[in-house]
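Under our numbering, the first residue of the sequence shown carries the number 10, and numbering increases by one thereafter. Notes follow the structure.
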Amino acid sequence: MADPRIPLLPLEEAKKRAIEQDMPEAIAELSIFRILLRHPLVAKQLNDLLLTLLFRGTLDKRLRELIIMRIGWATGSVYEWTQHWRIARELGVSEEDLRAVRDWRQRDDWGDAERAILAATDETLEAGAISATTWSACVNVLPSEEEQLELVAAIGTWRMISALLQSLDVPLETGVAPWPPDGAKPATAA
């Protein structure tokens with residue numbers, strides 16, 4: 010990987026800034042936040058958004074992680090894929106499901122929910138919005154308006170995070186192997 014375009018803060022400085030922003034100190038250990046904390050207000054706002062979607066949301070956690078992994082794969086974001094591989098596995102998402110998002114249309118046993126949210130993800134990446142047909146499929150599997158809003162917010166948020174990670178060349182943390190579980194990476198990856 011290339012050097013980050015904006016240098017990582019030294020760890021102790023990043024921790025200090027995280028605490029000053031009322032963020033968990035441990036977040037400063039992540040490369041993305043060691044860069045973002047150079048602009049503490051942006052770091053705080055992004056942290057709050059991510060924590061809301063990750064820990065206080067109504068969207069099924071497995072579906073959310075499939076969305077994030079699809080974005081990581083489709084955009085070639087090694088950091089997003091690698092970080093969320095670990096998170097998804099900790100949440101009980103199977104390796105088989107995570108590997109399947111690479112070419113999800115080829116998997117015959119996805120349910121309606123998986124197909125709808127992955128189609129919504131791809132359409133947003135390709136066209137900037139979810140089509141009426143796919144939206145209808147999403148509404149059928151996500152009946153609450155909260156879930157529907159969170160679906161769109163999750164896709165948009167992690168698409169933005171992918172762009173941020175790639176634009177700034179955010180490196181993986183020391184000792185973290187890229188592209189789990191097998192090192193295979195998409196054609197779009199650098």
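Just so you know, even glycine gets a beta-carbon here, dropped at the ideal spot from N, CA and C. Owing to the predicted nature of the structure, the values given are computational and were not obtained by experimental measurement.
Considering residue i, what are the terminal residues of the alpha helix (DSSP H) in which it resides?
i       : result
Ala-83  : 70–84
Ile-15  : Careful: Ile-15 lies outside any alpha helix (DSSP H) and carries neither H nor E.
Pro-49  : 49–64
Ile-36  : Unbroken run through Ile-36: none, as it is neither H nor E.
Val-87  : 87–99
Asp-178 : Here Asp-178 belongs to no alpha helix (DSSP H), and DSSP marks it neither H nor E.
Thr-197 : Note, Thr-197: premise wrong, no alpha helix (DSSP H); not H, not E.
Leu-46  : Looking at the DSSP string, Leu-46 is not in any alpha helix (DSSP H), and its letter there is neither H nor E.
Arg-124 : 121–136
Arg-108 : 104–109
Does residue i come within less than 8 Å of chain D when only Cβ atoms are used?
i      : result
Ala-11 : In the structure shown, chain D cannot be found, because there is only a single protein chain.
Do you know whose CA, among the options, lies nearest residue i's CA?
i       : options                           : result
Leu-55  : Arg-116, Ala-162, Asp-118         : Ala-162
Val-148 : Ile-126, Ile-41, Asp-12           : Ile-126
Arg-168 : Gln-92, Leu-177, Thr-84, Gly-120  : Thr-84
Phe-42  : Ala-138, Gly-120, Glu-159, Pro-13 : Pro-13
Thr-61  : Thr-166, Ala-122, Leu-181, Ser-86 : Thr-166
Leu-46  : Pro-33, Ala-23, Leu-39, Ala-141   : Ala-23
Ser-40  : Gly-66, Gln-92, Thr-143           : Gln-92
Lys-194 : Pro-16, Asp-112, Ala-11, Ala-122  : Asp-112
Ile-164 : Ala-122, Val-87, Ala-138          : Ala-138
Glu-89  : Arg-116, Gln-115, Leu-59, Ala-27  : Leu-59
Val-185 : Leu-158, Arg-95, Gln-157, Thr-142 : Arg-95
Gln-157 : Glu-21, Thr-67, Ala-27            : Thr-67
Open item on the list: Does the region 48–59 come into contact with the region 72–83, if we say contact requires no fewer than three beta-carbon pairs (one atom in each stretch) closer than 8 Å?
Closed with: no
Open item on the list: Quick test of the definition: if touching needs 3 or more C-beta pairs under 8 Å, does the region 181–192 touch the region 93–110?
Closed with: yes
Open item on the list: Could you tell me which whole alpha helix (DSSP H) segments of length 4 or greater appear in the region 138–170?
Closed with: 141–150
Task: Cβ pair count under 8 Å reaching 3, the region 86–101 against the region 120–139 - done: no
Open item on the list: With a threshold of 8 Å, are at least 3 pairs of Cβ atoms found where one atom belongs to the region 168–186 and the other to the region 136–151?
Closed with: no
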